[in-house]
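Peer 1: One structure is given below, represented as structure tokens, and several questions about it will come after.
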């Protein structure tokens with residue numbers, strides 16, 4: 342007699358499978374517990390992590406707490422105080438509502454909860470291991486709730502096996518806590534790792550003040566306030582000016598009705614708001630809260646509640662883009678008042694070349710900086726050898742907006758992106774010669790790292806030093822660069838160092854030297870190349886194009902962006918409808 346192939350799973354197995362949807366890693370535990378604390382009305386939340394989070398996580402709050410009856414069922418699946426039936430989901434304002442978080446955590450860990458309501462004589466201690474209640478008893482406790490999660494995934498070894506190593510998991514934890522601090526600036530957050538404080542935020546009720554505490558004054562001073570509203574939505578927060586960007590989205594945080602979310606649509610709309618002011622592959626700093634009617638957004642898309650759907654997504658994207666554009670335009674008007682008359686006058690000072698772009702935003706590129714970048718490999722582009730003969734009979738005609746080199750060939754016209762072209766030249770020179778040696782900086786460059794980057798950099802230091810950087814730690818989570826690779830030449834712009842380090846750290850945890858050298862080469866070439874807006878002499882343009890055509894791949898920069906666009910005589914005739 343054959344056995345049935347289809348059978349019902351037991352409750353313990355069902356709970357472990359369900360837990361995998363909600364609890365993916367230690368940061369997931371912290372996210373769910375913080376959200377419960379916020380929903381309980383807490384004004385102080387402490388997160389204490391031991392190891393990478395699987396050993397021990399403790400979240401303590403001063404919220405409303407629970408009585409014995411409530412805590413007895415709080416860890417049961419689908420037990421929640423947030424909603425009573427399906428209709429409530431459409432108007433839910435709390436961060437949690439599914440009744441899955443606590444049951445999912447206890448299914449894969451050893452958990453102790455101590456909780457007490459204000460006015461109760463005693464609190465309650467409940468111990469649950471792998472979904473089974475071990476004990477429940479009275480306990481002395483202050484008002485609020487403290488939850489200790491130990492041996493996470495102890496009964497699901499496959500899940501633990503696929504966790505990343507320590508600093509990557511810790512970086513995810515830092516990200517969760519910092520985003521909650523930004524989204525709830527009226528709450529004080531504290532985070533420690535192995536009994537060492539990582540950061541603390543004030544309960545000031547002021548987003549800007551919270552940003553200063555988390556990211557530092559250097560970033561905060563680069564921000565522009567956003568305040569926008571229409572019939573659909575209200576948008577408030579801060580974005581960075583166009584000239585201040587990052588290599589990844591770590592400095593972006595979005596909140597729908599104070600709920601931290603991820604949304605490609607919103608990210609795309611922000612880029613649209615900046616129009617052409619953002620360099621390719623760069624991202625603005627953005628901390629924005631979107632307030633809209635709960636009927637306009639579905640937060641019940643996924644158990645982690647970070648992915649949402651909008652009823653009127655296109656209208657929302659239009660509003661976001663308009664909000665960003667309005668904030669940038671308003672900032673530009675303020676700058677115009679401060680620098681009246683400067684935006685249409687070309688500077689004749691030899692130290693600076695002023696470039697006016699279509700959006701009328703003022704950019705200044707020091708000539709000295711351009712010369713330094715053009716001498717990066719030890720030879721000035723205007724001092725190339727006598728063998729410098731341009732290929733294909735190219736004749737340089739000039740520059741367009743001090744950004745594109747325009748040239749004529751026998752068959753038509755050529756436009757060269759000067760930054761992308763120089764980036765390709767530098768990249769191949771670095772790849773060919775390697776990063777050889779380093780140079781001491783006269784003054785070390787302090788690294789203004791966010792909490793996540795501070796966690797990651799310690800694992801990178803050996804690889805960065807192998808790549809020519811000298812990193813020193815001069816205090817708890819304080820780092821400076823004392824030496825840089827020789828390929829960077831004479832360093833006159835310290836921000837280049839920070840950009841390169843941030844680019845490298847954006848790859849996550851350092852596993853080994855493989856891949857890090859490639860990132861160093863990419864970032865060094867990008868940051869070391871001449872910028873759009875830099876005025877070049879005719880000789881410099883000729884030699885840049887000459888060097889470009891000597892590379893193995895002259896048609897794209899290392900990021901895949903085109904360096905050259907050609908217009909044949911046939912193309913030109915078509916444009917002017919001659920054919």
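Residue numbers (the numbering used here): 342 to 920.
Just so it is clear, CB atoms sit at the ideal spot from N, CA and C, and this is done for glycine as well.
Predicted model only: the values in this text are computed from it and were never measured.
Alpha carbon to alpha carbon, how far is residue 906 from residue 615?
Peer 2: The count along the chain shown starts at 1 and reaches residue 906 at position 565. The count along the chain shown starts at 1 and reaches residue 615 at position 274. Near 24 Å, if we compare the C-alpha coordinates of residue 615 and residue 906.
Peer 1: Apart from the five residues on each side of it in sequence, which residues of its chain come closer than 6 Å, Cβ to Cβ, to residue 719?
Peer 2: Position 378 of the chain shown holds residue 719. Confidence in residue 719 is poor, its pLDDT being 38 and thus under 50, which makes the residue's placement unreliable; the coordinate value appears in the next sentence. Counting only Cβ-Cβ distances below 6 Å, and skipping sequence neighbours, we find nothing.
Peer 1: What's the gap between the Cα of residue 840 and the Cα of residue 784?
Peer 2: As a working note, residue 840 is residue 499 in the chain shown. As a working note, residue 784 is residue 443 in the chain shown. Residue 840 and residue 784: Cα-Cα distance of roughly 17 Å.
Peer 1: Can you list, in chain order, the stretches of the beta strand (DSSP E) that have 3 or more residues and sit fully within the region 861-910?
Peer 2: 905-909
Peer 1: Would you decide whether residue 474 is buried or exposed? Buried here means 16 or more other CB atoms lie within 10 Å of its CB.
Peer 2: Walking along the chain shown from the start, residue 474 turns up at place 133. With fewer than 16 Cβ atoms within 10 Å of its Cβ, residue 474 is classed as exposed.
Peer 1: Using the Cα positions of residue 845 and residue 625, report the straight-line distance between them to the nearest angstrom.
Peer 2: Here the question's residue 845 lines up with position 504 in the chain shown. Here the question's residue 625 lines up with position 284 in the chain shown. Spanning the two alpha carbons is a distance of roughly 18 Å.
Peer 1: Report the residue ranges of all alpha helix (DSSP H) runs contained in full by the region 360-421; include only those spanning at least 4 residues, in chain order.
Peer 2: 367-380, 409-415
Peer 1: Beta carbon of residue 452, beta carbon of residue 488: below 8 Å?
Peer 2: Within the chain shown, residue 452 is the residue found at index 111, counting from 1. Within the chain shown, residue 488 is the residue found at index 147, counting from 1. Yes, the pair counts as a contact, with Cβ atoms nearer than the cut-off.
Peer 1: Roughly how many angstroms separate the alpha carbons of residue 472 and residue 847, rounded to a whole number?
Peer 2: Taking the chain shown and counting its residues from 1, one reaches residue 472 at position 131. Taking the chain shown and counting its residues from 1, one reaches residue 847 at position 506. Between residue 472 and residue 847, the C-alpha separation is close to 37 Å.
Peer 1: Buried or exposed for residue 546, going by 16 or more other Cβ atoms inside 10 Å?
Peer 2: The sequence position of residue 546 within the chain shown is 205, counting from 1. With fewer than 16 Cβ atoms within 10 Å of its Cβ, residue 546 is classed as exposed.
Peer 1: DSSP three-state call for residue 525: helix, strand or coil?
Peer 2: Residue 525 sits at position 184 when you count from the first residue of the chain shown. DSSP places residue 525 in coil when its eight states are reduced to three.
Peer 1: Just the Cα atoms here: how many angstroms apart are residue 870 and residue 763?
Peer 2: One-based indexing of the chain shown puts residue 870 at position 529. One-based indexing of the chain shown puts residue 763 at position 422. Residue 870 and residue 763 have their C-alpha atoms spaced approximately 5 Å apart.
Peer 1: Grouping DSSP H, G and I as helix and E and B as strand, with all else coil, what is residue 580?
Peer 2: Here residue 580 refers to the residue found at position 239 when the chain shown is read from its first residue. It is a strand residue.
Peer 1: Hey, quick one: how far does the alpha helix (DSSP H) through residue 548 stretch, first residue to last?
Peer 2: Reading the chain shown from its first residue, position 207 is the one you call residue 548. For residue 548, the enclosing alpha helix (DSSP H) has its first and last residue at 548-556.
Peer 1: Can you tell me which residues form a DSSP beta bridge with residue 740?
Peer 2: Walking along the chain shown from the start, residue 740 turns up at place 399. For residue 740, DSSP records a beta bridge to 746.
Peer 1: Comparing C-alpha positions only, which one of 876, 788, 898, 862 sits nearest to residue 556?
Peer 2: By one-based count along the chain shown, residue 556 stands at place 215. With distances taken between Cα atoms, residue 556 lies closest to 788.
Peer 1: Along the chain, which unbroken stretches of the beta strand (DSSP E) at least 3 residues long are found entirely within the region 557-619?
Peer 2: 564-570, 574-581, 593-597, 600-602
Peer 1: Contact between the region 394-410 and the region 456-464 is defined here as three or more beta-carbon pairs at a separation below 8 Å; is this criterion met?
Peer 2: As far as the Cβ criterion goes, the region 394-410 touches the region 456-464, which means the pair count is three or higher.
Peer 1: Looking at C-beta atoms only, is the number of pairs between the region 443-451 and the region 476-487 that lie closer than 8 Å three or more?
Peer 2: Segments in contact, no.
Peer 1: Would you mind listing the beta strand (DSSP E) stretches within the region 770-826 that are 3+ residues and don't spill past its ends, in chain order?
Peer 2: 779-788, 811-816, 819-826
Peer 1: May I ask you to report which of helix, strand or coil DSSP gives residue 765?
Peer 2: Counting from 1 along the chain shown, the entry for residue 765 is found at position 424. The three-state secondary structure of residue 765, taken from DSSP, is helix.
Peer 1: Specify the secondary structure class of residue 912 as computed by DSSP and reduced to three states.
Peer 2: Taking the chain shown and counting its residues from 1, the one referred to as residue 912 is at position 571. If DSSP states are grouped into helix, strand and coil, residue 912 belongs with the helices.
Peer 1: If I'm right that residue 552 touches residue 664 with Cβ under 8 Å, what's the distance once you round it to whole angstroms?
Peer 2: Locating residue 552 in the chain shown gives position 211, counting from the first residue. Locating residue 664 in the chain shown gives position 323, counting from the first residue. Residue 552 to residue 664, Cβ: 18 Å. No contact.
Peer 1: In chain order, what residues of the same chain lie with their CB nearer than 7 Å to the CB of residue 520, ignoring the 5 residues before and after it?
Peer 2: As a position in the chain shown, residue 520 is number 179, starting the count at 1. Same-chain partners within the cutoff: 594, 601.
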